[in-house]
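For reference, the structure is listed below as structure tokens.
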Amino acid sequence: MPESFRRGVRLGLPYAAAGFVLSLSFGVLARQGGFSALQAIVMSVVVFAGSAQFAAVTIVSGGGSVLAAVAAASLANSRFLPMGIGLAPSLPGGPLSRALQGQTVVDASWAMASRGDGTFDRWQLFGSTAPQYVTWAAGTVVGALLGSDLGDTDRFGLDALFPAFFVALLIAELQDRQARSIALAGAVIALALVPIAPAGVPILAASVAALIGMRR
Amino acid sequence: MTIWLLIGLCAVVTMAIKAAGPIALGGRELPPRFSAVIGSMAPALLAALVVTTALASGERIAVGADTAGVAVAGVAAWRGANVILVVLLAAGVTAGLRAL
């Protein structure tokens, strides 16, 4: 097993711990939204995408259609499209193998595996995602079984976990002035689009800010 | 039944989105300018994730207890705190403000 896989596991552990709490709150939300415990757990195991799962559950439990929920989940996940495009040149093998390797992309792992020069350390990516996958499933099991006993999880401030998680990742990326300009531009684009575009689109559109990197 | 359908469809679209880039563009050298843009994507996407999760609720700009919690967490992260401490602070401050 490559050394970079082990490094990835080590780097992924704190995010895995945070993901556990987050997926626990997903389990609770899904139960309150009419999912069975099994359905909540299976969703985390086969979808493994926090923002998409929260979006889909929120919509169906609010009386929205399956189609609307799937559309919202796709938009929430649309950021994985540019992430996958960026990762692609660093993946060896045939199309099927690359498609499978691409499944390991989650925000924290992808950002940490980026070397900043357009290449990615794929074994580190796999390593960081492995513990996050395990705790994502485990947290959902706990949350789904506790179910509605917990009441409103906002009381515990769990809705602040997701953004705090991204803040920690973002700050690690802000090494030079250009990265800070790009982050600022991304934030401005996303915020400007929030009132007029469906959830997910503002994040996808923010990837345009990366074009600033061409000046390097 | 509709929930199982929802789960299946969400799984399929998520896999397809994650597979699209690697299938279309894998295993080849790309021009240096393209690589520079890719290398700059992490700060852009992460900043967008931060502001949309901390400052927006659905399609509205909304500032609440969670925004304050995330701001405190941001300062801690800036000063080099471990990510576990960062997320615990965010949740703790948010829960504390809501309990007031």
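The listed protein sequences correspond, in order, to chains A and B. Per my numbering, the first sequence runs over residues 1 to 216. Per my numbering, the second sequence runs over residues 217 to 316. We put the CB at the ideal spot given by N, CA and C, even for glycine.
Report yes if the CB atom of residue i is closer than 8 angstroms to the CB atom of residue j, and no otherwise.
| i | j | result |
| --- | --- | --- |
| Ala306(B) | Ala187(A) | no |
| Ala289(B) | Val267(B) | no |
| Pro247(B) | Gly84(A) | no |
| Phe120(A) | Ser74(A) | no |
| Thr140(A) | Phe26(A) | yes |
| Gly102(A) | Val9(A) | no |
| Ala40(A) | Ala30(A) | yes |
| Gly242(B) | Ser114(A) | no |
| Gly222(B) | Val42(A) | This sequence places Leu at residue 222(B); Gly is not what is there. Contact flag unset, no. |
| Val47(A) | Cys226(B) | yes |
| Arg275(B) | Pro163(A) | Residue identity differs from the one stated: residue 275(B) is Glu in this sequence, not Arg. The answer is no: Cβ separation not under 8 angstroms. |
| Leu301(B) | Ala287(B) | no |
| Ala190(A) | Pro198(A) | no |
| Ala297(B) | Ala206(A) | no |
| Gly308(B) | Gly151(A) | no |
| Ala284(B) | Leu313(B) | yes |
| Thr153(A) | Val57(A) | no |
Can you tell which of the options has the C-alpha that lies nearest to the C-alpha of residue i?
| i | options | result |
| --- | --- | --- |
| Gln175(A) | Arg314(B), Ala258(B) and Met217(B) | Ala258(B) |
| Leu184(A) | Gly200(A), Leu145(A) and Val167(A) | Val167(A) |
| Leu170(A) | Leu316(B), Gly308(B) and Val299(B) | Val299(B) |
| Ala144(A) | Phe35(A), Leu11(A) and Gly12(A) | Phe35(A) |
| Leu11(A) | Ile182(A), Ala108(A) and Asp154(A) | Ala108(A) |
| Gln217(A) | Gly63(A), Ser65(A), Val70(A) and Gly64(A) | Absent from the model: residue 217(A). The displayed extent of chain A is 1 to 216, so no value can be given. |
| Leu100(A) | Ala281(B), Ala235(B) and Thr283(B) | Ala235(B) |
| Ala210(A) | Pro198(A), Glu173(A) and Pro195(A) | Glu173(A) |
| Asp159(A) | Ala68(A), Gly50(A), Ala113(A) and Ser128(A) | Gly50(A) |
| Ser23(A) | Leu81(A), Ala179(A) and Leu146(A) | Leu146(A) |
| Pro92(A) | Arg115(A), Met112(A) and Arg122(A) | Arg122(A) |
| Leu38(A) | Ala138(A), Met112(A), Ser78(A) and Arg98(A) | Ala138(A) |
| Gly33(A) | Val134(A), Gly86(A), Gly63(A) and Val21(A) | Gly63(A) |
| Leu204(A) | Ser44(A), Arg7(A), Asn77(A) and Val46(A) | Asn77(A) |
| Pro95(A) | Trp294(B), Ala240(B) and Ala292(B) | Ala240(B) |
| Leu13(A) | Ser97(A), Gly118(A), Phe165(A) and Arg98(A) | Phe165(A) |
| Gln178(A) | Asp154(A), Met214(A) and Ala68(A) | Met214(A) |
| Thr218(B) | Val60(A), Ile182(A) and Asp152(A) | Val60(A) |
| Ile212(A) | Gly224(B), Ala311(B) and Phe250(B) | Phe250(B) |
| Thr230(B) | Glu3(A), Ser4(A), Val45(A) and Val28(A) | Val45(A) |
| Ser4(A) | Arg180(A), Met112(A) and Ala190(A) | Met112(A) |
| Ala310(B) | Trp294(B), Asp282(B) and Gly296(B) | Residue identity differs from the one stated: residue 310(B) is Thr in this sequence, not Ala. For the residues Trp294(B), Asp282(B) and Gly296(B), the minimum Cα distance to Thr310(B) belongs to Asp282(B). |
| Ile233(B) | Thr58(A), Pro82(A), Ala17(A) and Val57(A) | Pro82(A) |
| Ala88(A) | Ala270(B), Val279(B) and Arg244(B) | Arg244(B) |
| Gly280(B) | Trp110(A), Arg155(A) and Arg98(A) | Arg155(A) |
Assuming residue i is part of the alpha helix (DSSP H), what are its boundary residues?
| i | result |
| --- | --- |
| Val208(A) | That residue, Val208(A), is in no alpha helix (DSSP H); it is neither H nor E in DSSP. |
| Val106(A) | Val106(A) -> no alpha helix (DSSP H), and no H or E assigned at all. |
| Gly213(A) | Taken as a continuous stretch (DSSP letters only), Gly213(A) belongs to no alpha helix (DSSP H), as it is neither H nor E. |
| Met217(B) | From DSSP, Met217(B) is part of no alpha helix (DSSP H); its letter is neither H nor E. |
| Phe80(A) | Phe80 to Leu87 |
| Asn77(A) | Val66 to Asn77 |
| Phe126(A) | Arg122 to Leu146 |
| Leu287(B) | It is Ala, not Leu, that sits at residue 287(B) in the sequence shown. Segment Ala281 to Trp294, the alpha helix (DSSP H) holding Ala287(B). |
| Gln39(A) | Ala37 to Val47 |
| Ala258(B) | Met257 to Leu271 |
| Gln53(A) | Gly50 to Ser61 |
| Val9(A) | Glu3 to Gln32 |
| Glu173(A) | Leu161 to Glu173 |
| Val302(B) | Val299 to Ala315 |
| Ser181(A) | Arg177 to Leu193 |
At a cut-off of 7 angstroms, is residue i close to the ligand FMN when judged by its beta-carbon and the heavy atoms of the ligand?
| i | result |
| --- | --- |
| Leu193(A) | Annotation note on the ligand FMN: not contained in the displayed structure, which lists no ligands. |
Give the C-beta separation of residue i and residue j to the nearest angstrom, bearing in mind that I take them to be a contact with Cβ-Cβ under 8 angstroms.
| i | j | result |
| --- | --- | --- |
| Gly19(A) | Gln132(A) | 5 angstroms |
| Gly118(A) | Ala252(B) | 6 angstroms |
| Thr104(A) | Ala16(A) | In fact, because the Cβ distance is near 14 angstroms, the residues do not count as touching under 8 angstroms. |
| Leu161(A) | Val21(A) | 6 angstroms |
Anything in chain D within Cβ reach of residue i, meaning under 7 angstroms, just list it in chain order.
| i | result |
| --- | --- |
| Val46(A) | Here chain D cannot be found, since the structure's protein chains are A and B. |
Using a Cβ-Cβ cutoff of 9 angstroms, what residues of the stretch 200-212 of chain A are near chain B? List them in chain order. For the stretch 200-212 of chain A, the beta-carbon criterion of a distance under 9 angstroms to any beta-carbon of chain B is satisfied by Gly200, Pro202, Ile203, Leu204, Ala205, Ala206, Ser207, Val208, Ala209, Ala210, Leu211 and Ile212.
Quick one, which residues of the stretch 56-78 of chain A are near chain B if we go by CB-CB under 8 angstroms, in chain order? Here the close residues are Ala56, Val60, Val66, Ala69, Val70, Ala73, Ser74, Asn77 and Ser78.
Would you list, in chain order, the members of the stretch 264-281 of chain B that have their beta-carbon closer than 8 angstroms to a beta-carbon of chain A? Residues of the stretch 264-281 of chain B that bring their beta carbon within less than 8 angstroms of a beta carbon in chain A comprise Ala264, Leu265, Val266, Val267, Thr268, Thr269, Ala270, Leu271, Ala272, Gly274, Glu275, Arg276, Ile277 and Ala281, in sequence order.
Taking any Cβ of chain B, which residues in the stretch 103-131 of chain A have a Cβ under 8 angstroms from it, in chain order? Those would be Gln103, Val105, Asp107, Trp110, Ala111, Ser114, Arg115, Gly116, Asp117, Gly118 and Thr119, in chain order.
Taking any Cβ of chain B, which residues in the stretch 82-101 of chain A have a Cβ under 9 angstroms from it, in chain order? Residues are counted here when their Cβ sits less than 9 angstroms from a Cβ of chain B; for the stretch 82-101 of chain A these are Pro82, Met83, Gly84, Ile85, Gly86, Leu87, Ala88, Pro89, Ser90, Leu91, Pro92, Gly93, Gly94, Pro95, Leu96, Ser97, Arg98, Ala99, Leu100 and Gln101, given in chain order.
Using a Cβ cut-off of 8 angstroms, which residues of the stretch 7-22 of chain A contact any Cβ in chain B, in chain order? Within the stretch 7-22 of chain A, the residues whose Cβ lies closer than 8 angstroms to some Cβ of chain B are Pro14, Tyr15, Ala17, Ala18 and Val21, listed in chain order.
Proximal residues, the stretch 174-192 of chain A versus chain B, C-beta separation under 8 angstroms: Going along the stretch 174-192 of chain A in chain order, one finds Leu174, Gln178, Ala179, Arg180, Ile182, Ala183, Leu184, Ala185, Gly186, Ala187, Ile189, Ala190 and Leu191 with a Cβ nearer than 8 angstroms to chain B.
Using a Cβ-Cβ cutoff of 8 angstroms, what residues of the stretch 155-168 of chain A are near chain B? List them in chain order. Within the stretch 155-168 of chain A, the residues whose Cβ lies closer than 8 angstroms to some Cβ of chain B are Arg155, Phe156, Gly157, Leu158, Asp159, Ala160, Leu161, Phe162, Pro163, Ala164, Phe165, Phe166, Val167 and Ala168, listed in chain order.
Can you pull out the residues from the stretch 244-256 of chain B whose beta carbon lies closer than 8 angstroms to at least one beta carbon of chain A? The residues in question are Arg244, Glu245, Leu246, Pro248, Arg249, Phe250, Ser251, Ala252, Val253, Ile254, Gly255 and Ser256.
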